[in-house]
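Engineer: Chains A and L are the protein sequences, given in the same order.
The first sequence begins at 7 in the working numbering and counts up by one.
The second sequence begins at 185 in the working numbering and counts up by one.
Ideal Cβ positions, reconstructed from N, Cα and C, are used throughout, including at glycine.
Quick caveat: nothing in here was measured; it's all calculated off a predicted structure.
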Amino acid sequence: MSNTIEHIVVVGGGSAGWLVAAVIAAEHRHLRVTLVESPGVPPIGVGEGTWPSMRDTLHRVGVSESDFFRECDAAFKQGSRFDRWVDGRAGDYYFHPFVLPQGYGDANLAAAWRDQHRNVPFADLVSFQPHLCARGRAPKQAQTPEFAAVANYGYHLDAGKFGVFLRRHCVDKLGVRHVADHVDAVLSEENGDIAALRLREQGLLAGDLFVDCTGMQALLLGGHYGVPLLAQKHVLFNDSALAVQVPYPAPDSPIASQTTSTAQRAGWIWDIGLPTRRGIGHVYSSAHTSDEEAERALRAYVLETGGPADVSPRKLGFDPGYRERFWHRNCVAIGLSAGFIEPLEASALALVEMSAAWLADDLPATRAQLDVVAARFNEAFTYRWERVIEFLKLHYVLSKRSDGPFWIEHREAASVPDRLRELLDLWRTRPPSRRDFPRIEEVFPSASYQYILYGMGHAPEGAARASDLPQEADRHFREAARLTERMLPALPSNRELLAHIARHGMPRI
Amino acid sequence: MPNHALLNNVDHKHLRVITARGAAYGDAVMSALTFPAEFRELQAHYPIVFAKSEDGTSFDALALFGFQQGENLFLDERDGAARWDAPTIPLSVERQPFLIGRGGEELSIHIDMDHPRVARDGVGAGEGAHESEALFLTYGGTSEYLERIASVLRTLHDGLDAARGFTAVLLELELLESFVLDVELDDGSQNRLGGFYTIHEERLLSLSGEQLERLNRAGYLQAIYMAVASLSQFRGLIDRKNRAHAHAR
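#1: Do you know how far the Cα of residue 281/L is from the Cα of residue 298/L?
#2: Which residue comes first and which comes last in the alpha helix (DSSP H) that contains residue 261/A?
#3: Between 131/A, 420/A and 176/A, which has its C-alpha nearest residue 32/A's C-alpha?
#4: Indicate the three-state DSSP secondary structure (helix, strand or coil) for residue 317/L in the structure shown.
#5: Return the residues of the stretch 237-250 of chain L that lie within a Cβ-Cβ distance of less than 8 angstroms from chain A, sorted by chain order.
#6: Does DSSP put residue 212/A in a helix, a strand or coil?
#7: Which ranges does the alpha helix (DSSP H) cover as unbroken runs of at least 4 residues, wholly within the stretch 10-91 of chain A, from first to last along the chain?
#8: Is there a Cβ from chain L that is less than 7 angstroms from the Cβ of residue 510/A?
#9: So with Cβ pairs under 7 angstroms, would you call residue 303/A a contact of chain L?
#10: Let me confirm a value: residue 307/A is counted as buried when at least 16 other C-beta atoms fall within 10 Å, else exposed. Which label applies?
#11: With 16 other CB atoms within 10 Å as the buried threshold, where does residue 507/A fall?
#12: Using a Cβ cut-off of 7 angstroms, pull out every chain A residue sitting near residue 362/L, in sequence order please.
#13: Where do the N-terminal and C-terminal ends of the beta strand (DSSP E) with residue 204/A fall, by residue?
#14: Give, in chain order, every residue of the stretch 483-507 of chain A whose Cβ lies closer than 8 angstroms to some Cβ of chain L.
#15: Can you tell me which of 346/A, 183/A and 413/A puts its alpha carbon nearest to the alpha carbon of residue 94/A?
#16: Looking only at its chain, what residues have a beta carbon closer than 6 angstroms to the beta carbon of residue 373/A, apart from the 5 residues adjacent to it on each side?
#17: Grab the span of the alpha helix (DSSP H) containing residue 274/A for me, first residue to last.
#18: Let me know if residue 185/L comes out buried or exposed under the rule of 16 or more other beta-carbons within 10 Å of its beta-carbon.
#19: Is the CB of residue 148/A under 7 angstroms away from at least one CB in chain L?
#20: In terms of DSSP beta bridges, what is residue 270/A paired with?
#21: Can the beta-carbon of residue 230/A be found closer than 7 angstroms to that of residue 192/A?
#22: Using only the alpha-carbon positions, how far apart do residue 255/A and residue 316/A sit?
#23: If you check the beta carbons only, do residue 39/A and residue 14/A fall under 7 angstroms apart?
#24: Mapping DSSP to helix, strand and coil, what is residue 478/A?
#25: Below 7 angstroms CB to CB, which residues in the same chain sit around residue 77/A once its five sequence neighbours on both sides are set aside?
#26: Are the CB atoms of residue 100/A and residue 461/A nearer to each other than 7 angstroms?
#27: Residue 394/L to residue 224/L, Cα distance in whole Å?
#28: Along the chain, where does the alpha helix (DSSP H) containing residue 243/A start, and where does it finish?
#29: Would you kindly work out how many angstroms separate the C-alpha atoms of residue 328/A and residue 134/A, rounded to a whole number?
#30: With distances taken Cα to Cα, identify the nearest neighbour of residue 54/A among 21/A, 17/A and 238/A.
#31: Between the Cα of residue 502/A and the Cα atoms of 248/A, 263/A, 415/A and 363/A, which residue gives the shortest distance?
#32: Give, in chain order, every unbroken run of the beta strand (DSSP E) that is at least 3 residues long and sits entirely within the stretch 328-380 of chain A.
#33: Using 10 angstroms around the beta-carbon of residue 302/L, count the other beta-carbons present and answer buried if the total reaches 16, otherwise exposed.
#34: DSSP on residue 384/L, reduced to helix/strand/coil?
#35: Excluding the 5 residues preceding and the 5 following residue 205/L in the sequence, name in chain order all residues of the same chain whose CB lies nearer than 7 angstroms to its CB.
#36: Work out the CA separation of residue 314/L and residue 254/L for me, nearest whole Å.
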């Protein structure tokens, strides 16, 4: 390996590997990017929700959003709805939309909500998006150009098709070399860096920087370098999932605008609507329920929501946690190899996007720069994983459910990270503020914490302040209502718009 | 509500069509459809812009008469007598209240019986002697006016057909871009014209020789430059708006 970094080798395909390859190749036209993947290994099928950042990522690598929709069986995602997370009763729901609250930062929306509109769900009051979701409206119109939005949106997609779609784009348009072969051995330089991979058929594949996208097996970072996983099971108990694909009752059945997460006795069930099918899965803790119980609950949910009785769930086990470090020497792990936790807020692909962007933007030019860059990457992403763990824990720690040890244990102090505990204490008397999340690129903005806190009923107490501006807040509530009134009739249903896009695509301008 | 009838010299023998201009006759519109072959004549008087169709799949070319719905700054209606203050009017306006209908293979003239321009002989359409034209002659033949209308409709039909191919090529070569016009009037009030598209001049300048030749051979190159030239008519439109505002006070 020479001193300059010229050849990037991505190990592993799937959405992570091909996204990384695409982002690096699109940014660094002069670099060589090779992706090697085993011909037989199927990618994990659970990664099916994205954040709005995926629109920018796809635009950045140069794909057409029309092609993406047609080839990845994609639908629009406008946020998440959490059912039965607070006390488990029917009618217990709240939204975490992608759109920021109207007038966020201008006034104390939480105080005004608490004082004047306590009977209205917080998200419904401050944003038009929950109303769009409740009516199954799409987040844009037929004439809205590619990647533009009327309401901020991400995607629901078929992760397997997404990988294939990105592979084609990488190979055809971005000059990425695709090698289909098995990695039999990892060869080292004298200093401990990875020199090359020994492939089963094609011999040695040398490289300067290796990206480990081999999924949970983490062939390079875990297998070769032995970097351990920092277990998080004591914070987030879930370690199993049972997943099914379910057809719609009719070809014109409505497609949901959001991911729905329905709390269960020892976990929760995800429900993601694609144009041709729904992806449904039960995420649970094997310490708090059995596989049989979990499967019973999943089947019951499928039937309740219009699905068939005969489904064959696929079981997945995982170790919730993230690596002690992600970048060791000239090897950086992105995707499931870096860590995995339950998909409660669809953070997996978002972290892949952030890692790929970080890597492409701050790629070291020489081996001499590499260690400094690696240390900064590790620091940045350790911070991010910690914030993700805390944000997911927030959903559990605020629940009042007591129908089982799972929920009760989630509120035990030993399972709550210190930083979250401290913040929760502060948030009893004031809303989350930007200063609680001071970095330029936070994973979740303070607004997201407000959506969860107030969706679960934890209004702040505390005396009025000069900056509260309740009349300003009220003006924003009315603005949100006005926008809702204007948007509802103007937006098509998800199914209408997706059918239109399948036939005509989206306009480019 | 449009009420289209196939024009014939029996049912419509005594029909007259009011040819005077005026808001009462449906002229208070902000824009009208146009087509490439007409750009050359219109660019001397009207800004020509493009608008996306409602389903987002295509674009229409429009001549602009004002900055908001219902505003036609060329309609001069002082002292009771209305005039259209420009020497040429787009064909899609001139053809009112007629339209082309398809009856099987044939194209034929239809008339919108509910259009304010339609007046029956002897039944006036308002007070005063408004300019009007007969459609048919005493013994059933078509009047000179109606012959002109037939020619206008044919030209318009062919022109709008060609416009489809023209805008498709503009899209293919990425020669359209959205624009917003911020207008400040003499009285300080601000207005914004948005939602329209215009020729992307930067991309126009970087077209290859092969692409330019293709546009030229198709007759599109001239239309493109006529559309670009028409943008200087925004100055005139703003002047009209200032004058209209001044008179209103």
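Structural biologist: Reading it off the structure:
#1: Rounded to whole angstroms, the gap between the alpha carbons of residue 298/L and residue 281/L is 9 angstroms.
#2: Bounds of any alpha helix (DSSP H) do not take in residue 261/A, whose DSSP letter is neither H nor E.
#3: If we check each option's Cα against that of residue 32/A, 176/A comes out closest.
#4: Assigned with DSSP and collapsed to three states, residue 317/L falls in strand.
#5: Under the 8 angstroms Cβ criterion, the stretch 237-250 of chain L contributes 237, 238, 239, 240 and 241.
#6: Correct three-state label for residue 212/A: strand.
#7: With a minimum length of 4 residues, the continuous alpha helix (DSSP H) runs that stay inside the stretch 10-91 of chain A are 20-33, 59-67 and 71-77.
#8: For residue 510/A, the nearest beta carbon of chain L is closer than 7 angstroms to its own beta carbon.
#9: No, residue 303/A does not count as interfacial toward chain L.
#10: By the 10 Å Cβ count, residue 307/A comes out buried.
#11: With 16 or more other CB atoms across the displayed protein chains lying within 10 angstroms of its CB, residue 507/A is buried.
#12: Within 7 angstroms Cβ-Cβ: 515.
#13: Where residue 204/A is concerned, the enclosing beta strand (DSSP E) stretches over 200-205.
#14: Identification of residues in the stretch 483-507 of chain A having a C-beta nearer than 8 angstroms to some C-beta of chain L yields 506, given in sequence order.
#15: Checking every option, the nearest Cα to that of residue 94/A belongs to 413/A.
#16: Within the same chain, residue 373/A has close Cβ partners 9.
#17: Run containing residue 274/A: none in the alpha helix (DSSP H); it sits in the beta strand (DSSP E), 273-279.
#18: Here residue 185/L is exposed, its C-beta having fewer than 16 other C-beta atoms within 10 Å.
#19: Using a Cβ-Cβ cut-off of 7 angstroms, residue 148/A counts as an interface residue toward chain L, since at least one Cβ of chain L sits closer than that to its own.
#20: The partner list for residue 270/A (beta bridge, DSSP) reads 273/A.
#21: Taking the C-beta atoms as reference points, residue 192/A is found nearer than 7 angstroms to residue 230/A.
#22: The alpha-carbon atoms of residue 255/A and residue 316/A are separated by roughly 13 angstroms.
#23: Remark: C-beta atoms of residue 39/A and residue 14/A approach each other more closely than 7 angstroms.
#24: Residue state, collapsed to three classes: helix.
#25: Contacts found: 167 and 171.
#26: In this structure, residue 461/A lies closer than 7 angstroms to residue 100/A by Cβ.
#27: Approximately 24 angstroms between the Cα atoms of the pair.
#28: Segment: none, residue 243/A is in no alpha helix (DSSP H) and carries neither H nor E.
#29: Taking the straight line from one Cα to the other gives about 36 angstroms.
#30: Across the set 21/A, 17/A and 238/A, the C-alpha of 21/A shows the shortest separation from the C-alpha of residue 54/A.
#31: Per the C-alpha coordinates, the member of 248/A, 263/A, 415/A and 363/A positioned closest to residue 502/A is 263/A.
#32: Positions of the beta strand (DSSP E) runs, each at least 3 residues long and wholly inside the stretch 328-380 of chain A, are given as 337-339 in order along the chain.
#33: Only buried fits residue 302/L, as 16 or more other CB atoms lie within 10 angstroms of its CB.
#34: The three-state reading of DSSP puts residue 384/L in coil, since its state is none of H, G, I, E or B.
#35: Spatial neighbours of residue 205/L in its own chain (CB-CB distance under 7 angstroms, excluding positions within 5 residues in sequence) are listed in chain order as 211, 259, 266, 267 and 268.
#36: Roughly 23 angstroms between the two C-alpha positions.
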